[in-house]
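Okay, so here's the structure we're looking at.
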Amino acid sequence: MEVLRRGHYKVFLGMAPGSGKTYRMLAEAYAARQAGRDVAIGLIETHGRPDTESFAEGFELIPRRSVEHRGVTLMEMDLPEVLRRAPELCLVDELAHTNATGLEHKKRYEDIEDILNAGIDVFSTVNVQHLESLNDSIAELSGVRVRETFPDEVLQKADEVVLVDITPEALLDRLRAGNIYPHDRIAAALNNFFKIENLTALREVALRQLAENVDIKRLSGHVVRQRDENVSSESAQAVGEHLLALIEPQPNAQRLIRRAWRSSQRLAAPLDLLWVRPPHGKMSDEQEHALTNLRELAGVLGVKLIVEEADDPAAKIAEVARELGTTYILMNKPQPLRGLARLKTPLALRLAESLPGVDVRLVSSRSQKPKEEQA
Amino acid sequence: MIAVWIIAGILVGSLLGYWLPPHGHLPRRDRPRPVRSILVPFSGESISRRAFDAAVRLAKAENAVIIPAFLIIVPSELSLEAALPTRCTEGMGVLEAIEQRAVSQGVQVESRVMRGRAYRHALQRLLEEESFDRIIVSADDVHGGLKTDDVNWLLAKAPTEVLVLRPAPEDERRVSAEGFVGKTS
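Same order as they appear, the protein sequences are chains A and B.
Using our numbering, you'd call the opening residue of the first sequence number 1 and step up by one each time.
Using our numbering, you'd call the opening residue of the second sequence number 1001 and step up by one each time.
Following this line, the structure appears as structure tokens:
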């Protein structure tokens, strides 16, 4: 029995509308057709751009299907027809698009999965601000929140990701010349999304995203002919750092979080915060207040604060660290123990023993003055 | 008999070892505790060195803890609870620098971060959540202080004493993520 090979997936990544993704996709499709391949357009969004429209006219276009939604007729990609037609290479624009209700899938990238599973190669396009993990930071940078997002795994699983790069200045020239939006929309676009600082930031994000993607594949041993089974989402976890800061609702936790966050920024690694509290323990007003402040800090930094209850903090921390794939634990330098507690193995040592391969870093407290000052 | 004395000595020693804190520290409950808090809000990549120095002087005199608060404006397109890591990059550095400098001068620091639709809104939220004994603010929004409108609002609404430092040429001297910056003459 013949095993159907999965199609080859190539994504053209842009920094903003008008960066030339669709045009570049058509150009590569044209070269493929010249080389004798069977190419068809499953869906294309030309946005009325004359150059793109005239280029697309030379290709076979699989007609869209009309879908009624709340009294509005929407024209969507005809997935069953694409699968029936089964070209060698299918072009599907804007993979982050949300389909009309009632179709096979909610999102277009899920339609693309079906096409790839049918053994059809796919070229697709997307702008970097649609990436789920970047949504918040791009909204912060640009002041515009994108509603249609797609999971990062889609990009990681693509066989090829091509960055369609353009300088912000050149993009603005194209906008002003009317090559991106009609003339009546240009002024609004220039005043909102298409600001030079936005575009510069988005370009940087797109370049970094591509570099990260390449890095993940390189470090996970990905080679050109390998398919998605070799590049799972776990591969990124395996090669990257994952930080976990152990906090308690005390004022000195703020500094620990700041230090951990800066380390996570330098390492481009995710950071989680963990507080293991005694079971059924009641918090004092001071602790409640400190916890509220820590939540605010965690929220603004975009890190997750996990609160667990356990009798044995070391065991619970080890369990959470394993679940998260932690490679680096940061904790405050413990207070000197008193009495019989001195006989206990220190927490840092217990963690180092129970989590081989995980680094444990003690962050010193600034509020502890040197001994000579105390005297 | 000697054995009994040895055992008794060990027992007494163990009990003392248990009850006495290590390294000659005073028990926590007996240590002098800060009784006052001084809020030092800032909005940018640095704070005025004068505001910092004033806070340290007062904190030393009053055995107070300095509470530097980094105020962040959340754009209206985002939820008030949105993560703003990009804006935090400088602010976290400033908090770190303030803590480092203040602690080296023997003053305790507890930092805060507060989001709002405007600096005034962030301040309002902060004041609703917590009470402070004094607020020190620089009326120099160029160097991380607050605008006149916000200072006026603070003077009118803050349920505590407000010390406003008017803009001065010395405000070129600042505390930023790089530590103390600006001329020191």
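We put the CB at the ideal spot given by N, CA and C, even for glycine.
Here the structure is a predicted model, which is why all the values come from computation and not from measurement.
Buried or exposed by the 16-neighbour rule on C-beta atoms within 10 Å, applied to residue i
i               : result
M75 (chain A)   : exposed
G18 (chain A)   : buried
A375 (chain A)  : Summary for A375 (chain A): the model assigns pLDDT 34, below 50, so the residue's position carries little reliability; its value from the coordinates is reported in the next sentence. Label assigned to A375 (chain A): exposed.
V1012 (chain B) : exposed
W1005 (chain B) : exposed
S1104 (chain B) : exposed
R37 (chain A)   : exposed
Q1108 (chain B) : buried
S233 (chain A)  : Below a pLDDT of 50, predicted positions are generally treated as unreliable, and S233 (chain A), at 41, falls in that range; the measurement from the model is reported next regardless. Exposed, since its Cβ has fewer than 16 Cβ neighbours within 10 Å.
M1001 (chain B) : exposed
V144 (chain A)  : exposed
I180 (chain A)  : buried
D78 (chain A)   : buried
G48 (chain A)   : exposed
I1135 (chain B) : buried
Q254 (chain A)  : buried
A341 (chain A)  : exposed
T102 (chain A)  : The question names Thr, yet the displayed sequence has Gly at residue 102 (chain A). Classification of G102 (chain A): exposed, given that the 10 Å Cβ count is below 16.
S66 (chain A)   : exposed
Q156 (chain A)  : buried
H8 (chain A)    : buried
H280 (chain A)  : exposed
I41 (chain A)   : buried
Q335 (chain A)  : exposed
Q209 (chain A)  : buried
L13 (chain A)   : buried
E286 (chain A)  : exposed
Three-state class that DSSP yields for residue i in the structure shown
i               : result
N230 (chain A)  : In this prediction, N230 (chain A) scores a pLDDT of 39, lower than 50, which makes its location untrustworthy; the coordinate-derived value is nonetheless stated afterwards. In this structure, N230 (chain A) counts as helix in the three-state DSSP scheme.
N332 (chain A)  : strand
M1092 (chain B) : helix
S1046 (chain B) : strand
K21 (chain A)   : helix
L355 (chain A)  : coil
M1001 (chain B) : coil
T73 (chain A)   : strand
I1073 (chain B) : strand
K1157 (chain B) : helix
G48 (chain A)   : coil
V1109 (chain B) : strand
R1125 (chain B) : helix
A1052 (chain B) : Here the sequence assigns Phe to residue 1052 (chain B), which means Ala is not the residue at that position. Three-state result, F1052 (chain B): helix.
Y181 (chain A)  : coil
A948 (chain B)  : Nothing in the structure corresponds to residue 948 (chain B), since chain B is present only between 1001 and 1185.
G42 (chain A)   : strand
I62 (chain A)   : coil
R203 (chain A)  : helix
G102 (chain A)  : coil
G1116 (chain B) : strand
R1036 (chain B) : strand
L1146 (chain B) : coil
E308 (chain A)  : strand
F194 (chain A)  : coil
S54 (chain A)   : helix
L1026 (chain B) : Residue confidence for L1026 (chain B) is low, a pLDDT of 47 falling below 50, so the modelled location carries little weight; the figure read from the coordinates is stated next. DSSP places L1026 (chain B) in coil when its eight states are reduced to three.
R84 (chain A)   : helix
Interface residues of chain E facing residue i [CB-CB closer than 7 Å]
i               : result
V1113 (chain B) : Here chain E cannot be found, since the structure's protein chains are A and B.
Pair within 9 Å by beta-carbon distance, residue i and residue j
i               : j               : result
V385 (chain A)  : L202 (chain A)  : The shown model of chain A, from 1 to 375, leaves out residue 385 (chain A), and the question about it has no answer.
A29 (chain A)   : L91 (chain A)   : yes
L1146 (chain B) : R1117 (chain B) : no
D173 (chain A)  : M15 (chain A)   : no
P1085 (chain B) : G302 (chain A)  : yes
L1126 (chain B) : L1058 (chain B) : no
R258 (chain A)  : M1092 (chain B) : yes
L1154 (chain B) : R1120 (chain B) : yes
K21 (chain A)   : T149 (chain A)  : no
L163 (chain A)  : L134 (chain A)  : no
V276 (chain A)  : E309 (chain A)  : yes
L330 (chain A)  : I306 (chain A)  : no
Proximity test, residue i beta-carbon vs the ligand ATP heavy atom, cut-off 8 Å
i              : result
R361 (chain A) : The ligand ATP is absent from the structure shown, which contains no ligand whatsoever.
| said: So within the stretch 105 to 171 of chain A, which uninterrupted alpha helix (DSSP H) runs reach at least 4 residues, ignoring any that extend past its ends? | reply: 108 to 117, 135 to 142, 152 to 157
| request: For the stretch 101 to 113 of chain A and the stretch 54 to 64 of chain A, state whether three or more C-beta atom pairs, one from each stretch, are separated by less than 8 Å. | output: no
| task | Check whether the stretch 87 to 96 of chain A touches the stretch 65 to 74 of chain A, counting contact only when three or more Cβ pairs, one atom from each stretch, lie closer than 8 Å. | result | no
| said: Does the structure place the stretch 1040 to 1051 of chain B close enough to the stretch 252 to 271 of chain A that three or more beta carbon pairs sit under 8 Å? | reply: no
| task | With a floor of 3 residues, list each beta strand (DSSP E) that falls wholly inside the stretch 246 to 304 of chain A, ordered by position along the chain. | result | 271 to 277
| message | Does the stretch 282 to 302 of chain A come into contact with the stretch 341 to 359 of chain A, if we say contact requires no fewer than three beta-carbon pairs (one atom in each stretch) closer than 8 Å? | response | no
| message | Taking contact to mean 3 or more Cβ pairs, one atom from each stretch, closer than 8 Å, check whether the stretch 102 to 109 of chain A and the stretch 47 to 56 of chain A are in contact. | response | no
| Taking contact to mean at least 3 C-beta pairs separated by less than 8 Å, is the stretch 1034 to 1043 of chain B in contact with the stretch 1059 to 1070 of chain B? | yes
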